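The numbering used here puts the sequence shown at residues 41 to 402.
Note that beta-carbon positions come from the ideal geometry of N, C-alpha and C, so glycine has one too.
Since the model is a prediction, treat every value here as computed from it, not as a measurement.
Written out below as structure tokens is the structure these notes cover.
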Amino acid sequence: MTGPETSASAAETDELRRVVREFAAETFPSSELRATDYSASAWTALSSSLGLTGIGIPQRHGGAGYSFTELGVVVEELGAALAPVPFLSTVCAAAAIVAGGDEAAQAELLPELASGATVGVPVLRGAVAAHRAAAGWTLDGLVPHVPDGARAALFVVAANAAEGPALFAARVPERGVTVRPRNALDATRPLAAVEFAAAPARFIGIGPSALQLAADLQLAALACEQIGGTARCLDRTVDYVKTRVQFGVPIGSFQAVKHRCADLLVELEAARSIAYHARDAVAAAFAGADAGSHAAVAAAAAWCAQTYVHAAQETIQLHGGIGFTWEHDAHLHLRRARSDQLLYGTPREHRRELVVATGLAG
41 MTGPETSASA AETDELRRVV REFAAETFPS SELRATDYSA SAWTALSSSL
91 GLTGIGIPQR HGGAGYSFTE LGVVVEELGA ALAPVPFLST VCAAAAIVAG
141 GDEAAQAELL PELASGATVG VPVLRGAVAA HRAAAGWTLD GLVPHVPDGA
191 RAALFVVAAN AAEGPALFAA RVPERGVTVR PRNALDATRP LAAVEFAAAP
241 ARFIGIGPSA LQLAADLQLA ALACEQIGGT ARCLDRTVDY VKTRVQFGVP
291 IGSFQAVKHR CADLLVELEA ARSIAYHARD AVAAAFAGAD AGSHAAVAAA
341 AAWCAQTYVH AAQETIQLHG GIGFTWEHDA HLHLRRARSD QLLYGTPREH
391 RRELVVATGL AG
């Protein structure tokens with residue numbers, strides 16, 4: 041791994057946040073969030089016109105060469121908008137390829153991910169075995185819940201080989217790769233069962249450190265997304281309680297409502313600090329620094345998931361009767377929050393990882 045080729049100033053980061061926020065507000069209205077599939081035009085605009093899918097990819101492979109810090113800003117803003125596009129999956133797949141360290145694999149695979157021509161999906165959790173055959177590597181195994189699996193043209197798979205844990209790339213459609221869509225609580229991020237049966241695969245990298253770094257980035261990106269969703273829930277709730285009148289006054293003037301909003305703000309700021317620390321630690325790890333990223337990521341994964349769920353629940357409650365309706369977007373955030381809470385491990389599992397990573401396990 042190497043450090044970012046381009047460093048963004050604070051002003052550039054703020055401008056990036058503003059551009060992505062305005063794009064998301066215009067491109068992903070409520071009707072788009074309830075669509076059965078993501079908009080191809082939105083994906084083209086996001087990847088080609090804005091070049092967002094290539095932010096964290098080295099310039100020599102068609103990207104912009106920024107770090108995960110800048111990429112985390114994009115993920116946060118798209119998470120706030122519940123953007124129904126496979127952005128998180130694609131950038132995490134690209135990062136896993138970078139973590140693998142194979143320059144030839146990067147040169148082959150990263151340009152198509154940077155341009156958005158290919159949707160990539162990481163499969164880093166699951167029982168997949170890799171076998172070396174005369175014609176190359178093959179994969180075998182079933183992964184029952186893969187986010188954006190039905191949208192993928194390229195899977196980046198963590199598999200167990202005789203030499204140890206390794207990363208591989210498998211293309212779709214390809215013999216030996218079967219993808220079956222599954223019902224999902226969060227319709228903006230559909231799930232699929234992915235089965236590999238002697239599926240041809242391209243070797244990317246080997247070693248537990250590469251897999252750990254790829255998994256850490258995936259969890260840190262999810263934490264950034266959860267921060268965006270939590271902030272949007274709080275903003276919408278505060279706007280609502282300022283305008284909803286009961287007994288002749290806005291309900292936001294009631295002390296009980298004030299306390300609940302204040303509690304959410306405190307939780308959000310704590311979660312934001314934890315998520316940003318994990319984000320920057322992962323960026324440093326990709327640059328070759330030992331920043332204790334695994335402990336930071338485990339803490340963020342546990343805390344941010346619970347914070348987002350609580351914020352979504354409070355949004356529904358404080359919106360009163362309208363918050364429970366299908367027409368309101370509050371339930372969409374709760375669906376995303378609950379799905380994210382289980383996507384790559386439960387908060388309990390992440391707390392256990394934190395204890396191990398900090399050396400506190402008995």
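query, result
"With DSSP as the reference, please indicate the residues paired to residue 171 in a beta bridge.", "178"
"By how many angstroms is the C-alpha of residue 191 removed from the C-alpha of residue 124?", "11 Å"
"For the segment 241-250 against the segment 315-327, are there 3 or more C-beta pairs whose distance is under 8 Å?", "no"
"What would DSSP say about residue 390, mapped onto helix, strand or coil?", "helix"
"Mapping the DSSP letters down to three states, classify residue 97 as helix, strand or coil.", "coil"
"Between which two residues does the beta strand (DSSP E) holding residue 236 run?", "231-246"
"Along the chain, where does the alpha helix (DSSP H) containing residue 151 start, and where does it finish?", "143-155"
"Can you tell me where the beta strand (DSSP E) holding residue 112 begins and where it ends?", "First-last for residue 112: 108-120, but that is the alpha helix (DSSP H), not the beta strand (DSSP E)."
"Considering only the alpha carbon of each residue, which of 201, 289, 275, 226 lies closest to residue 176?", "201"
"Can you give me the C-alpha to C-alpha distance between residue 236 and residue 217, rounded to a whole angstrom?", "5 Å"
"Kindly indicate which residue of 383, 381, 111 has the alpha-carbon position closest to the one of residue 154.", "111"
"Let me confirm a value: residue 128 is counted as buried when at least 16 other C-beta atoms fall within 10 Å, else exposed. Which label applies?", "buried"
"Check residue 287 in the structure and name its three-state DSSP category.", "coil"
"What does DSSP give as the partner residue(s) for residue 160 in the beta ladder?", "194"
"Could you spell out where the beta strand (DSSP E) holding residue 208 opens and where it closes?", "204-211"
"Can you pull the DSSP bridge partners for residue 200?", "169, 205"
"Quick check on residue 125: does DSSP put it in helix, strand or coil?", "coil"
"Examine the Cβ distances between the segment 136-150 and the segment 249-265 and report whether three or more of them are shorter than 8 Å.", "yes"
"Quick one: grab the DSSP three-state call for residue 398.", "coil"
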